[in-house]
Amino acid sequence: DIAIRFNHRFGDTFVLPKAVMPKAGARVMDLQDPSSKMSKSAGSDTGLISLMEDPAAIMKKFKRAVTDSETEVRYDRAAKPGVSNLLDILSACTGEAPEALAARYTQYGPLKTDTGEAVVELLRPIQARYTELMGDRGELQALLRKGAGKAREVAAATLERAQTHLGLLPA
Numbered sequence: 004d005i006a007i008r009f010n011h012r013f014g015d016t017f018v019l020p021k022a023v024m025p026k027a028g029a030r031v032m033d034l035q036d037p038s039s040k041m042s043k044s045a046g047s048d049t050g051l052i053s054l055m056e057d058p059a060a061i062m063k064k065f066k067r068a069v070t071d072s073e074t075e076v077r078y079d080r081a082a083k084p085g086v087s088n089l090l091d092i093l094s095a096c097t098g099e100a101p102e103a104l105a106a107r108y109t110q111y112g113p114l115k116t117d118t119g120e121a122v123v124e125l126l127r128p129i130q131a132r133y134t135e136l137m138g139d140r141g142e143l144q145a146l147l148r149k150g151a152g153k154a155r156e157v158a159a160a161t162l163e164r165a166q167t168h169l170g171l172l173p174a
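Just so you know, we're using the numbering used here here: the sequence shown kicks off at 4 and counts up by one.
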């Protein structure tokens with residue numbers, strides 16, 4: 004809002020951000036309450052997957068994920084929110100459409116296992132890099148300094164454009 008108003012009044016100064024909304028995984032629902040968004044502020048962490056969570060704990064949570072009393076695996080957010088949540092998560096991990104994934108399963112157990120394994124594999128490089136960085140504080144500090152330097156360069160150019168458009172600097 005502010006960038007749009009500024010650009011309208013003073014000319015193109017700020018790059019307007021573009022929203023990136025993936026179809027699958029844009030909103031991940033709680034594993035125990037698929038009507039609620041997955042959140043750290045939920046009453047229990049049994050429906051939450053943390054980025055640094057142990058793979059065995061992740062698998063356990065997916066195996067206990069809420070589905071329904073039916074046996075048919077199909078993608079239907081209204082009628083089957085728990086199953087659809089698992090399919091959405093698996094879709095976000097694999098890039099395949101949830102409907103296509105649903106056609107591969109006849110039981111909930113394999114769907115839960117495959118979804119858990121896909122999440123574990125997706126998080127594995129993130130967890131490995133985190134462990135690597137936390138184990139070498141020198142490298143972490145160097146990366147932080149490098150990132151801060153890049154941010155300063157971009158911010159300085161943007162600030163100069165804004166000040167010029169406001170008339171605080173000569174054009």
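Where a beta carbon is used, it is the ideal one built from N, C-alpha and C, also for glycine.
Best match in the options for proximity to residue i [C-alpha to C-alpha]
i, options, result
"K83", "P58, L34, A154, T70", "T70"
"G28", "N88, R148, L104, K115", "N88"
"A121", "E135, A131, L143, G98", "G98"
"A174", "T134, V23, F13, G138", "F13"
"V31", "G46, R67, C96", "C96"
"D57", "H11, K153, L172, I129", "I129"
"P37", "F65, M55, M24", "F65"
"K21", "Y111, H11, P113, D4", "D4"
"A68", "H168, Y111, A59", "Y111"
"T74", "A131, L114, H11, A59", "L114"
Cβ neighbours of residue i in the same chain (closer than 6 Å, five flanking residues each side left out)
i, result
"T116", "none"
"L93", "L104, T118, A121"
Those residues which DSSP pairs with residue i across a bridge
i, result
"M32", "K40"
Residue range of the unbroken alpha helix (DSSP H) whose run includes residue i
i, result
"M2", "Here the chain comprises residues numbered 4 to 174, so residue 2 is not present and cannot be evaluated."
"L114", "111-138"
"V86", "84-97"
"A60", "58-66"
"A103", "101-105"
"R12", "5-13"
Local Cβ density within 10 Å of residue i, reported as buried at 16 or more and exposed below that
i, result
"T109", "exposed"
"V123", "buried"
"D139", "exposed"
"G152", "exposed"
"G85", "buried"
"L133", "Residue identity check: residue 133 is Tyr in the sequence provided, not Leu. The residue is exposed, with fewer than 16 neighbouring Cβ atoms inside 10 Å."
"L126", "buried"
Contacts around residue i, its chain only, beta-carbon distance under 7 Å, and the 5 residues preceding and following it disregarded
i, result
"K43", "L51"
"A6", "F17, L19"
"Y78", "S87, L90, P101, E102, A105"
"A165", "T16"
"H168", "F13, G14, T16"
Close beta carbons around residue i, own chain, < 8 Å, minus the five adjacent residues each side
i, result
"M62", "T116, G119, E120, V123"
"K40", "R30, V31, M32, D33"
"A45", "D33, D36, S39, L51"
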